[in-house]
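Asks:
Protein chains in written order, with our numbering: chain Z, 564 to 806; chain U, 564 to 806.
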């Protein structure tokens with residue numbers, strides 16, 4: 564048996580997230596069907612992280628065990644020939660038996676893109692969230708900078724989710740504007756449920772001037788109700804998983 | 564009555580082109596429905612040019628006559644509030660009664676984008692045509708340069724189309740590569756039916772080394788069968804109409 568690592572991209576628009584569900588179409592289901600077709604045997608994948616309904620991926624990572632004669636560099640071609648166009652495998656690598664897509668990950672990079680032009684742009688509409696009110700990227704960047712470091716992000720976690728610890732380390736956080744697109748990019752050792760979307764929703768409120776840019780009290784409160792709203796899923800992309 | 568010029572973008576994926584058809588959904592039909600809703604009266608638009616089934620627009624231009632109290636700068640907001648997300652009006656201007664979207668145009672700019680990465684990229688897949696074989700952009704650019712100027716483009720016109728003259732003037736033609744995307748951009752005083760798609764199909768054959776880069780004989784033949792194949796519609800965008 565070999566342990567294979569795949570790096571894949573998908574348009575999450577038509578899926579109920581990555582992870583298998585008994586009664587809804589997910590990326591994992593379609594990917595595992597393609598793997599079964601290519602390898603002639605049932606394959607179960609382990610992903611670096613779930614992405615929610617409507618969230619996209621540029622560099623999702625999965626691994627799985629298989630015994631095959633297909634050369635590893637041909638695996639993406641074989642899979643892409645049977646996958647629908649909204650899922651693409653960019654890379655396959657044979658990795659150590661110890662590699663685990665989720666537990667071996669050291670950090671993940673997510674990016675949320677806001678289309679801040681007066682009218683939304685058609686070609687990016689499924690991957691950006693349109694805000695017609697002018698936003699102040701400098702205020703958003705100043706606020707975002709306060710989130711860098713190890714903090715308790717309980718205020719930026721969807722209520723009702725249960726995890727052992729709500730402490731996470733954001734190593735890098737950037738707000739960039741280019742051609743009226745504003746992107747919020749964060750690299751962290753982990754993300755709480757809806758964390759990126761709540762951070763972005765909060766930054767949008769700051770960018771509109773509806774909330775002061777100081778997030779110290781919000782972080783300290785450890786209370787979801789102190790942060791802003793949850794920005795819609797379709798602006799969010801899982802860019803990269805680092806190992 | 565005022566003469567209003569609109570600049571609009573659309574994702575052509577789900578439309579049978581721009582122009583009204585009795586038994587198929589077109590951009591014009593949806594646009595005229597939105598205009599009727601906003602102005603409370605039937606409106607007929609004149610477009611700079613038809614785009615075919617599946618072809619997109621970044622800067623299509625139409626004009627129409629209307630008597631209205633809606634301030635001209637509010638027209639895009641009013642229309643976008645009722646249009647589906649795949650059609651967006653970016654600009655409205657009150658223009659001279661003599662302005663005609665088609666006859667007043669001095670040139671149009673079309674761009675065809677090829678995704679030349681080994682595996683197609685999901686987020687651009689509906690607006691680019693994926694060619695997995697490595698292409699040579701320099702050979703394509705050299706060939707494209709031969710098409711600049713006033714020529715009889717009969718070899719680059721879909722057979723069966725009837726126009727008075729097949730002479731057109733290509734003022735500018737560029738082949739650019741960036742991040743494994745190859746774009747073919749042409750500005751001309753007019754385009755024959757399928758001209759951009761046949762030019763691009765021919766350039767792809769040249770880029771693959773399956774056809775010599777000298778197009779002199781192809782141009783001189785005035786024979787559709789001497790040029791290459793017709794590249795698929797979904798890589799083509801009407802970028803701009805100049806007046």
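Beta carbons are placed, not taken as given, at the ideal position from N, Cα and C, and that holds for glycine. Owing to the predicted nature of the structure, the values given are computational and were not obtained by experimental measurement.
1. Can you find at least 3 beta carbon pairs, one from the segment 571–582 of chain Z and one from the segment 607–621 of chain Z, that sit closer than 8 angstroms?
2. For residue 726 of chain U, which three-state DSSP category applies?
3. Answer with yes or no whether the minimum CB distance from residue 615 of chain Z to chain U is below 8 angstroms.
4. In chain order, what residues of the same chain have a beta carbon less than 6 angstroms from the beta carbon of residue 738 of chain Z, not counting five sequence neighbours either side?
5. Residues of the segment 677–688 of chain Z in Cβ contact with chain U at a cutoff of 9 angstroms, in chain order, please.
6. Which residue spans inside the segment 617–663 of chain U form an unbroken beta strand (DSSP E) run of at least 3?
7. Can you look up residue 739 of chain U in the DSSP assignment and give me helix, strand or coil?
8. Could you please tell me which residues of the segment 641–674 of chain Z, in chain order, have their CB closer than 8 angstroms to any CB of chain U?
9. Which word fits residue 591 of chain U, buried or exposed, when buried means at least 16 other C-beta atoms lie within 10 angstroms of its C-beta?
10. Taking 8 angstroms as the cut-off, decide whether the C-beta atoms of residue 641 of chain Z and residue 623 of chain Z are in contact.
11. Inspect the CB distances between the segment 760–767 of chain Z and the segment 791–802 of chain Z and report whether three or more fall short of 8 angstroms.
12. Can you list the residues of chain Z that residue 639 of chain U reaches, using a CB-CB cut of under 8 angstroms?
13. Among all the DSSP beta bridges, which residues are the ones paired with residue 572 of chain Z?
14. Exposed or buried, residue 801 of chain Z, counting other C-beta atoms within 10 Å across all chains shown (16 or more means buried)?
15. Using only alpha-carbon positions, find the residue among Z/788, Z/695, Z/585 that is nearest to residue 720 of chain Z.
16. Output the boundary residues of the alpha helix (DSSP H) element that contains residue 781 of chain Z.
17. Alpha carbon to alpha carbon, how far is residue 626 of chain U from residue 663 of chain U? Give it in angstroms, no decimals.
18. So which residues of chain Z does residue 572 of chain U contact, with C-beta pairs closer than 9 angstroms?
19. Mind pulling the chain U residues with CB within less than 8 angstroms of residue 690 of chain Z?
20. Which whole-angstrom value describes the C-beta separation of residue 805 of chain Z and residue 670 of chain Z, a residue pair presumed to lie in contact below a C-beta threshold of 8 angstroms?
21. So, under 8 angstroms CB-CB, residue 619 of chain Z and residue 573 of chain Z are touching, yes? Tell me the CB distance rounded to an integer number of Å.
22. By Cβ distance below 6 angstroms, which residues in the same chain neighbour residue 711 of chain Z in space, the five residues on each side in sequence not counted?
23. Tell me the residue span of the beta strand (DSSP E) that contains residue 713 of chain Z.
24. Rounding to the nearest angstrom, what Cα-Cα distance links residue 777 of chain U and residue 675 of chain U in this structure?
25. With distances taken Cα to Cα, identify the nearest neighbour of residue 668 of chain Z among Z/756, Z/609, Z/575.
26. Leaving out the 5 sequence neighbours to the left and right, which residues in its chain are closer than 7 angstroms to residue 683 of chain Z when beta-carbon positions are compared?
27. Apply the 10 Å Cβ neighbour rule to residue 731 of chain Z and answer buried if 16 or more other Cβ atoms are within range, or exposed otherwise.
28. Return the bridge partner residues of residue 693 of chain Z from the DSSP annotation.
29. Output needed for residue 783 of chain Z: all residues of its chain with C-beta closer than 7 angstroms, excluding positions within five of it in sequence on either side, in chain order.
30. Using CA atoms only, rank isn't needed, just tell me which of Z/655, Z/599, Z/754 is closest to residue 725 of chain Z.
31. For a test of the three-state rule: what should DSSP assign to residue 564 of chain Z, helix, strand or coil?
32. Using a threshold of 8 angstroms, state whether the C-beta atoms of residue 759 of chain Z and residue 716 of chain Z are closer than that.
33. Looking at C-alpha atoms only, which residue of Z/713, Z/768, Z/786 is the closest neighbour of residue 752 of chain Z?
34. Helix, strand or coil for residue 731 of chain U per DSSP?
35. Helix, strand or coil for residue 773 of chain Z per DSSP?
36. Using beta-carbon positions only, say whether residue 593 of chain Z and residue 639 of chain Z come within less than 8 angstroms of one another.
Replies: For this structure:
1. Because the criterion of three Cβ pairs below 8 angstroms is met, the segment 571–582 of chain Z and the segment 607–621 of chain Z touch.
2. Within the second chain, residue 726 of chain U is the residue found at index 163, counting from 1. Looking at residue 726 of chain U - three-state DSSP - the assignment turns out to be coil, as it is neither helix nor strand.
3. Within the first chain, the letter at position 52 stands for residue 615 of chain Z. So, not an interface residue.
4. As a position in the first chain, residue 738 of chain Z is number 175, starting the count at 1. Shown here for residue 738 of chain Z: same chain residues with a beta carbon closer than 6 angstroms to its own, the five before and five after excluded, namely 700, 703, 704, 707, 747 in chain order.
5. Here the close residues are 680, 681, 682, 683, 684, 685, 686, 687, 688.
6. Within the segment 617–663 of chain U, the complete beta strand (DSSP E) segments of 3 residues or longer fall at 619–629, 650–658, listed in chain order.
7. Taking the first residue of the second chain as 1, we reach residue 739 of chain U at position 176. In this structure, DSSP gives residue 739 of chain U an extended state, which the three-state scheme calls strand.
8. Taking a C-beta cut-off of 8 angstroms against chain U, the contacting residues of the segment 641–674 of chain Z are 643, 648, 649, 650, 651, 652, 653, listed in chain order.
9. As a working note, residue 591 of chain U is residue 28 in the second chain. It counts as buried.
10. Here residue 641 of chain Z is taken as the residue at index 78 of the first chain, counted from 1. Here residue 623 of chain Z is taken as the residue at index 60 of the first chain, counted from 1. With respect to the 8 angstroms criterion, residue 641 of chain Z and residue 623 of chain Z are not classified as neighbours on the basis of their beta carbons.
11. A contact exists between the segment 760–767 of chain Z and the segment 791–802 of chain Z.
12. For the purposes of this step, residue 639 of chain U is identified with residue 76 of the second chain, where counting begins at 1. Within chain Z, the C-beta atoms nearer than 8 angstroms to that of residue 639 of chain U come from 681, 682, in chain order.
13. The residue labelled residue 572 of chain Z in the question sits at position 9 within the first chain. Residue 572 of chain Z pairs with Z/651.
14. The residue labelled residue 801 of chain Z in the question sits at position 238 within the first chain. Counting Cβ neighbours within 10 Å, residue 801 of chain Z comes out buried, since at least 16 surround it.
15. In the first chain, the residue the question calls residue 720 of chain Z occupies position 157. Nearest option by C-alpha distance: Z/788.
16. If you number the first chain from 1, residue 781 of chain Z lands on position 218. Note, residue 781 of chain Z: alpha helix (DSSP H), 779–784.
17. Working through the second chain from its first residue, we reach residue 663 of chain U at position 100. Working through the second chain from its first residue, we reach residue 626 of chain U at position 63. The straight-line gap from Cα to Cα measures roughly 7 angstroms.
18. Working through the second chain from its first residue, we reach residue 572 of chain U at position 9. Listed by position along chain Z, the residues whose Cβ is nearer than 9 angstroms to that of residue 572 of chain U are 682, 684, 685, 686.
19. One-based indexing of the first chain puts residue 690 of chain Z at position 127. Result: 686.
20. Here residue 805 of chain Z refers to the residue found at position 242 of the first chain. Here residue 670 of chain Z refers to the residue found at position 107 of the first chain. Their Cβ separation, rounded to whole angstroms, is 5 angstroms, which keeps residue 805 of chain Z and residue 670 of chain Z in contact under 8 angstroms.
21. One-based indexing of the first chain puts residue 619 of chain Z at position 56. One-based indexing of the first chain puts residue 573 of chain Z at position 10. Contact between residue 619 of chain Z and residue 573 of chain Z holds, with the beta-carbon distance rounding to 6 angstroms and staying under 8 angstroms.
22. The residue labelled residue 711 of chain Z in the question sits at position 148 within the first chain. Excluding positions up to five away in sequence, the list reads 733, 736.
23. Numbered from 1 along the first chain, position 150 holds the residue referred to as residue 713 of chain Z. For residue 713 of chain Z, the enclosing beta strand (DSSP E) has its first and last residue at 712–715.
24. As a working note, residue 777 of chain U is residue 214 in the second chain. As a working note, residue 675 of chain U is residue 112 in the second chain. Straight across, the Cα-Cα distance linking residue 777 of chain U with residue 675 of chain U is about 21 angstroms.
25. For the purposes of this step, residue 668 of chain Z is taken as residue 105 along the first chain, with counting starting at 1. When each option's Cα is compared against that of residue 668 of chain Z, the closest is Z/609.
26. Stepping through the first chain from its first residue, residue 683 of chain Z is reached at position 120. Around residue 683 of chain Z: 693.
27. Indexing the first chain from 1 puts residue 731 of chain Z at position 168. For residue 731 of chain Z, the number of other beta carbons within 10 angstroms of its own is at least 16, and it is reported as buried.
28. To locate residue 693 of chain Z, count along the first chain from 1; it is residue 130. Z/678, per the DSSP bridge assignment.
29. On the first chain, position 220 is the one that residue 783 of chain Z refers to. Answer for residue 783 of chain Z: no residue qualifies.
30. What you label residue 725 of chain Z is simply residue 162 of the first chain in a count that begins at 1. Closest option to residue 725 of chain Z, judged by alpha-carbon separation, among Z/655, Z/599, Z/754: Z/754.
31. Walking along the first chain from the start, residue 564 of chain Z turns up at place 1. Coil, per DSSP.
32. The residue labelled residue 759 of chain Z in the question sits at position 196 within the first chain. The residue labelled residue 716 of chain Z in the question sits at position 153 within the first chain. Residue 716 of chain Z sits away from residue 759 of chain Z, with the two beta carbons spaced by 8 angstroms or more.
33. Here residue 752 of chain Z refers to the residue found at position 189 when the first chain is read from its first residue. Of the residues Z/713, Z/768, Z/786, the one whose Cα lies closest to the Cα of residue 752 of chain Z is Z/713.
34. Taking the first residue of the second chain as 1, we reach residue 731 of chain U at position 168. The DSSP-derived three-state label of residue 731 of chain U is strand.
35. As a first step, residue 773 of chain Z is located in the first chain; it is residue number 210 there, counting from the start. The answer is coil: DSSP assigns residue 773 of chain Z none of H, G, I, E or B.
36. On the first chain, position 30 is the one that residue 593 of chain Z refers to. On the first chain, position 76 is the one that residue 639 of chain Z refers to. The answer is no: Cβ separation not under 8 angstroms.
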